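J.: This is the structure I have questions about; it appears just below.
Protein chains: 2
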Amino acid sequence: MNSDRNAPIGVFDSGVGGLTVVREIMRNLPEERIVYFGDTARVPYGSKSQATVLRYSRQIVRFLRTQNVKAIVVACNTASALALDTIENEIDLPILGVVKPGASMAVTATRNKRIGVIATESTIHSHLYRKLIQAEDPEITVFGKACPLFVPLVEEGWTRDPITVEVAKRYLAELLEKDIDTLIMGCTHYPLLRSLLRGILGDQVTLVNPAYETAQALKRMLEELHLEKESSCPEEEKYRFYASDTVEKFLAFANSVLPCEIREAQQIPIEEY
Amino acid sequence: MNSDRNAPIGVFDSGVGGLTVVREIMRNLPEERIVYFGDTARVPYGSKSQATVLRYSRQIVRFLRTQNVKAIVVACNTASALALDTIENEIDLPILGVVKPGASMAVTATRNKRIGVIATESTIHSHLYRKLIQAEDPEITVFGKACPLFVPLVEEGWTRDPITVEVAKRYLAELLEKDIDTLIMGCTHYPLLRSLLRGILGDQVTLVNPAYETAQALKRMLEELHLEKESSCPEEEKYRFYASDTVEKFLAFANSVLPCEIREAQQIPIEEY
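Protein chains in written order, with my numbering: chain R, 5 to 277; chain C, 5 to 277.
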């Protein structure tokens, strides 16, 4: 436990996608300090096994502890689905994933009790969204669809491209046939496809962004634990960024996603943690 | 140096793509024993830095040495482009990548001295195909194009899909404008798109498959070094497969690509090498 309210929040992801969660934390908890780690040397997690994702997540949590964080946000749906359960029993720090806040919002949003989830293969196969949703309301039916091409399409920059529209139509067809009225964007890259998805889904389907819900849940958690930041700190000390591969591409993506300019990131030999 | 002619050949790749090289070795050197390692826990390499790909490749070479191989084939274009140069100066085993055999065949094939290369981002940025081709013939012009969506499209199984045709048309358009008459498929997954690419390129462009050329180059190298296998061995000892992630998906892909049935593969903690 670290009861220093002015300590940073540790946020991690398999790569750069978790920066969409950082963006929401920056917007909604503007006082908080953040230490971010992106596992760019081993990205992606979404096609890998539970054992491997758990091993990687444990190493990252050990690294974040060396940064004296007061809480940890698992800003990766796959790691939240495959590793969080185990890790939260191993550490004495408050820790929060993106799956539970997204699932809870979807339960609130649905009217016809039919929810769709789009995510990586590993997240879909974990069935964690389904379990958490049905724990809150067993009458809800959840339909999952793995969308492995969405991350590479976003990383190619084709977020408004006719080809991406075709891919999305194919992925979403079976969910739309199921008459869902709520869709969870269960991978951190997917909010960057929001307007494209909106165009296919129409106005009748509520889109849930777990990144936004996670920032709200983090705010509530810090308040309950009396861990909200008290004093402001110099802007240059506020945010720190780390990655496991070299940082040039990381910085370019960060600056395309975040509301402030990030000048520096540092490479960490994560296998050594 | 390992002068045991009956020792296996070590073959490695970032994941499963290198199995297309194994397939060519099986077909063209049917007597040889093979030990394959696929780095499925850290795949892909194609978007990662040289330093990271070199570190991973060194670990794999150390693992393959524990298997007493007589030669090593780097069955990954990215590792061949980013790591082979350094590693071949560090070991006393014959080692061969896929880039040089592919480049040499393209030099032989081109008539108008205009060659295209499609590959991962890291392979294209290394400019190794260009350097090797121009070392053989400085008058040849080489045009590179990174095609980051091809691997995920192949892994999605969309190898004959209209969406993949659209993506390929877009990637190939600028190469076709350059009037290339030869195209190197510079990533191990791409030969699985051969007939789709052929449909777009027409009959005027020669498609070069470095996997096939590498098997031929390996044959010549073993003959020159008097390392060809002498005696046959029981079928069940002939091929051994290792991966860094759990092996279920690896086995499924292997059995869809290879000409014989693979029943077993073993997971290796590659970071420890």
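Here a beta-carbon is modelled for each residue, glycine too, at the ideal position from N, C-alpha and C.
Computed from a predicted structure; not experimentally measured.
Residues of the stretch 147 to 158 of chain C with a CB closer than 9 Å to any CB of chain R: list them in chain order, please.
T.: Per Cβ criterion, the list reads 152, 153, 155, 156, 157.
J.: Given this structure, state the Cα-to-Cα distance separating residue 55 of chain C from residue 241 of chain R, to the nearest angstrom.
T.: Against the second sequence, residue 55 of chain C aligns to sequence position 51. Against the first sequence, residue 241 of chain R aligns to sequence position 237. In a straight line, the C-alpha of residue 55 of chain C is about 29 Å away from that of residue 241 of chain R.
J.: Contact criterion: CB-CB distance below 9 Å. Does residue 248 of chain R meet it with respect to chain C?
T.: As a working note, residue 248 of chain R is residue 244 in the first sequence. Closer than 9 Å: yes.
J.: Under 9 Å between C-beta atoms, does residue 174 of chain C make it to chain R?
T.: Within the second sequence, the letter at position 170 stands for residue 174 of chain C. Chain R, which has a Cβ nearer than 9 Å to the Cβ of residue 174 of chain C, makes this yes.
J.: Check the Cβ-Cβ distances between residue 69 of chain R and every residue of chain C, and say whether any is below 9 Å.
T.: Within the first sequence, numbered from 1, the residue matching residue 69 of chain R stands at position 65. Closer than 9 Å: no.
J.: Would you call the stretch 31 to 46 of chain R and the stretch 108 to 121 of chain R in contact, with 3 or more CB pairs under 8 Å?
T.: Between the stretch 31 to 46 of chain R and the stretch 108 to 121 of chain R there are fewer than three C-beta pairs closer than 8 Å, too few to call the two in contact.
J.: Comparing alpha-carbon positions, which option in C:43, C:7, C:93 lies nearest residue 72 of chain C?
T.: Numbered from its first residue, the second sequence carries residue 72 of chain C at position 68. Closest in C-alpha terms to residue 72 of chain C, from the list C:43, C:7, C:93, comes C:7.
J.: Please specify which runs of the alpha helix (DSSP H), each continuous and at least 4 residues long, are wholly inside the stretch 214 to 266 of chain C, giving them in chain order.
T.: Runs of the alpha helix (DSSP H) inside the stretch 214 to 266 of chain C: 214 to 228, 239 to 242, 252 to 261.
J.: Could you round the C-beta distance between residue 9 of chain C and residue 275 of chain C to whole angstroms and report it? I think they count as a contact, below 8 Å.
T.: Against the second sequence, residue 9 of chain C aligns to sequence position 5. Against the second sequence, residue 275 of chain C aligns to sequence position 271. Wrong, their Cβ atoms sit about 32 Å apart, outside the cutoff.
J.: What is the DSSP secondary structure of residue 270 of chain C, counted as helix, strand or coil?
T.: Residue 270 of chain C sits at position 266 when you count from the first residue of the second sequence. Reduced to three states, the DSSP call for residue 270 of chain C is strand.
J.: Please name the residue or residues paired with residue 78 of chain C in a DSSP beta bridge.
T.: Walking along the second sequence from the start, residue 78 of chain C turns up at place 74. Paired residues: C:16, C:101.
J.: Within 10 Å of its beta-carbon, does residue 116 of chain R have 16 or more other beta-carbons around it, so buried, or fewer, so exposed?
T.: As a working note, residue 116 of chain R is residue 112 in the first sequence. Answer is exposed; the Cβ neighbour count stays below 16.
J.: Considering only the alpha carbon of each residue, which of R:204, R:277, R:141, R:231 lies closest to residue 181 of chain R?
T.: In the first sequence, counting from the first residue as 1, residue 181 of chain R sits at position 177. Minimum Cα distance to residue 181 of chain R is reached at R:204.
J.: Just tell me which of R:127, R:134, R:93 has its CA closest to the CA of residue 110 of chain R.
T.: As a working note, residue 110 of chain R is residue 106 in the first sequence. Selected option, being the one with the closest Cα: R:134.
J.: Which residues of the stretch 82 to 105 of chain R have a Cβ closer than 8 Å to any Cβ of chain C? Give them in chain order.
T.: Along the stretch 82 to 105 of chain R, none of the residues has a CB nearer than 8 Å to a CB of chain C.
J.: Tell me which residues share the same chain as residue 27 of chain R and place their Cβ nearer than 7 Å to its Cβ, disregarding the 5 neighbours each side in the sequence.
T.: Against the first sequence, residue 27 of chain R aligns to sequence position 23. So the qualifying residues of the chain are 261, 262, 263.
J.: Let me make sure I understand the geometry here. Which of R:193, R:178, R:100, R:188 has the alpha-carbon closest to that of residue 50 of chain R?
T.: Translated into positions along the first sequence, residue 50 of chain R becomes position 46. Closest by alpha carbon: R:193.
J.: Mapping DSSP to helix, strand and coil, what is residue 112 of chain C?
T.: What you label residue 112 of chain C is simply residue 108 of the second sequence in a count that begins at 1. Residue state, collapsed to three classes: helix.
J.: In the DSSP assignment, what are the bridge partners of residue 150 of chain R?
T.: Position 146 of the first sequence holds residue 150 of chain R. Beta-bridge partners assigned by DSSP to residue 150 of chain R: R:123.
J.: Excluding the 5 residues flanking residue 145 of chain C on each side, which residues of the same chain have their C-beta closer than 6 Å to its C-beta?
T.: Here residue 145 of chain C refers to the residue found at position 141 of the second sequence. The residues are 118.
J.: Do the stretch 169 to 176 of chain C and the stretch 75 to 83 of chain C touch if we need at least three Cβ pairs shorter than 8 Å?
T.: no
J.: Strictly under 9 Å for the Cβ-Cβ distance: is residue 66 of chain R near chain C by that measure?
T.: The residue you call residue 66 of chain R lines up with position 62 of the first sequence. No, residue 66 of chain R does not count as interfacial toward chain C.
J.: Please determine, among R:112, R:108, R:62, R:139, the residue with the shortest C-alpha to C-alpha distance to residue 92 of chain R.
T.: One-based indexing of the first sequence puts residue 92 of chain R at position 88. For the residues R:112, R:108, R:62, R:139, the minimum Cα distance to residue 92 of chain R belongs to R:62.
J.: Here's a check: name, in chain order, each residue in its chain whose Cβ is nearer than 6 Å to the Cβ of residue 217 of chain C, leaving out the five neighbours to either side.
T.: Here residue 217 of chain C is taken as the residue at index 213 of the second sequence, counted from 1. Contacts found: 105, 106, 109.
J.: Can you tell me which of R:13, R:5, R:42 puts its alpha carbon nearest to the alpha carbon of residue 255 of chain R?
T.: Position 251 of the first sequence holds residue 255 of chain R. Measuring from the Cα of residue 255 of chain R, the nearest candidate turns out to be R:42.
J.: My guess is that residue 243 of chain C and residue 266 of chain C are in contact by the Cβ rule of under 8 Å, so how many angstroms apart are they, rounded?
T.: The residue you call residue 243 of chain C lines up with position 239 of the second sequence. The residue you call residue 266 of chain C lines up with position 262 of the second sequence. That pair is a contact at about 7 Å.
J.: State yes or no: is the beta carbon of residue 117 of chain C nearer than 9 Å to at least one beta carbon in chain R?
T.: Locating residue 117 of chain C in the second sequence gives position 113, where the first residue counts as 1. Cβ-Cβ to chain R under 9 Å: no for residue 117 of chain C.
J.: Give the residues of chain C in contact with residue 167 of chain R, contact being defined as C-beta atoms less than 7 Å apart.
T.: Taking the first residue of the first sequence as position 1, residue 167 of chain R is located at position 163. By Cβ distance, chain C contributes 167, 170, 171.
J.: Taking DSSP as the reference, what is the three-state secondary structure of residue 33 of chain C?
T.: The residue labelled residue 33 of chain C in the question sits at position 29 within the second sequence. Coil.
J.: Report the rounded CA-to-CA distance for residue 142 of chain R versus residue 65 of chain R, giving the unit in angstroms.
T.: Residue mapping note: residue 142 of chain R aligns to position 138 of the first sequence, counting from 1. Residue mapping note: residue 65 of chain R aligns to position 61 of the first sequence, counting from 1. Distance between the alpha carbons of residue 142 of chain R and residue 65 of chain R: 33 Å.
J.: Would residue 218 of chain C count as contacting chain R if we go by Cβ distances under 9 Å?
T.: The count along the second sequence starts at 1 and reaches residue 218 of chain C at position 214. Residue 218 of chain C does not count as touching chain R.
J.: Compute the beta-carbon to beta-carbon distance between residue 151 of chain C and residue 21 of chain C, rounded to the nearest angstrom, for a pair I have assumed lies under 8 Å.
T.: By 1-based counting over the second sequence, the position of residue 151 of chain C is 147. By 1-based counting over the second sequence, the position of residue 21 of chain C is 17. About 13 Å; that fails the 8 Å criterion.
J.: Quick check on the burial criterion: 16 or more other C-beta atoms within 10 angstroms. Buried or exposed for residue 139 of chain R?
T.: The residue labelled residue 139 of chain R in the question sits at position 135 within the first sequence. When all chains shown are included, residue 139 of chain R counts as exposed.
J.: Identify the continuous alpha helix (DSSP H) that holds residue 203 of chain R and give its terminal residues.
T.: As a working mapping, residue 203 of chain R is identified with position 199 in the first sequence. 198 to 205 is the span of the alpha helix (DSSP H), which, as asked, contains residue 203 of chain R.
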